[in-house]
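Peer 1: Under our numbering, the very last position in the sequence shown is 858; numbers go up by exactly one each time. For every residue, glycine included, the Cβ atom is placed at its ideal position computed from N, Cα and C.
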Amino acid sequence: MKIKKSEFITSSSQIEQCPSTNCKEFAFIGRSNVGKSSLVNMLTERKSLAKVSGKPGKTQLINHFLINDEWYLVDLPGYGWAKVSQTEKQKWGEMIHDYILGRKNLAFLFVLVDSRLPPQPIDVEFINWLGEKQIPFGIVFTKADKQSKNKTQSNIAKYKKQLLQYWEALPANFVTSSVSQAGRDDVLDHIEELI
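1) So what's Gly-741 in DSSP terms, helix, strand or just coil?
2) Considering only their Cβ atoms, is the gap separating Val-703 from Ala-690 smaller than 7 Å?
3) Mapping the DSSP letters down to three states, classify Val-850 as helix, strand or coil.
4) Could you tell me the distance, in whole angstroms, from the CA atom of Leu-827 to the CA atom of Lys-821?
5) Using alpha carbons as the reference points, say which of Asn-696, Gln-723, Ile-730, Lys-796 lies closest to Arg-709.
6) Is Asp-786 buried or exposed, if buried means 16 or more other CB atoms sit within 10 Å of its CB?
7) For Asn-726, which of helix, strand or coil comes out of DSSP?
8) Determine, using beta carbons only, whether Leu-772 and Ile-802 come nearer to each other than 7 Å.
9) Curious, which full-length beta strand (DSSP E) runs of at least 3 residues does the segment 768-822 contain?
10) So Thr-805 and Val-697 are in contact, right, with Cβ under 8 Å, and what is the actual spacing, rounded?
11) What number of angstroms, rounded off, separates the C-alpha of Trp-830 from the C-alpha of Lys-796?
12) Using a 10 Å radius around the Cβ and a threshold of 16 neighbouring Cβ atoms, would you call Gly-756 buried or exposed?
13) Tell me which residues share the same chain as Asp-761 and place their Cβ nearer than 8 Å to its Cβ, disregarding the 5 neighbours each side in the sequence.
14) Pull up the DSSP beta-bridge partners for Val-838, would you.
Right, here's the structure in full:
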């Protein structure tokens, strides 16, 4: 898939504020600072479409980007250890929960996981919750350029082994790097199949 046009449309703090549209939505979620905004920018080949920060918790709203005037790429707030109050974390949690379970346009959810780390309980728990709720999703292993290919493959194998304790078959998975653009075509091809 070629991305010819990508534009920021709106930020929403509640599902009711999300765009009223028939277009399919492909959302990106993961722990704080896993590289969601960098991945959005890499996929669209626009360096500053989504705001990138070294500080966890920069994305605090549901951000909609219209792609090729035919589908939405959605950047969701990160879960995990962003330095915000418990009240704010709870509000984000409810917003994410409402979007994932209530947004009829959601065609697929990409769960971003840092490929440098072994399986994190918070990620495994979230992935299993998505399975229980029958949400269509895949796993994107990010930051693959920051370590050797062997180390990346070793951590992915650990994830697969852990998930196979709960799953009969594994969800789709992708290995990406926002620096080298590795995995870009794989993610976009997957989206194209579902449009």
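Peer 2: Quick look at the numbers:
1) coil
2) no
3) helix
4) 10 Å
5) Ile-730
6) buried
7) strand
8) no
9) 769-777, 800-805
10) 6 Å
11) 14 Å
12) exposed
13) Gln-677, Ile-678
14) Phe-804
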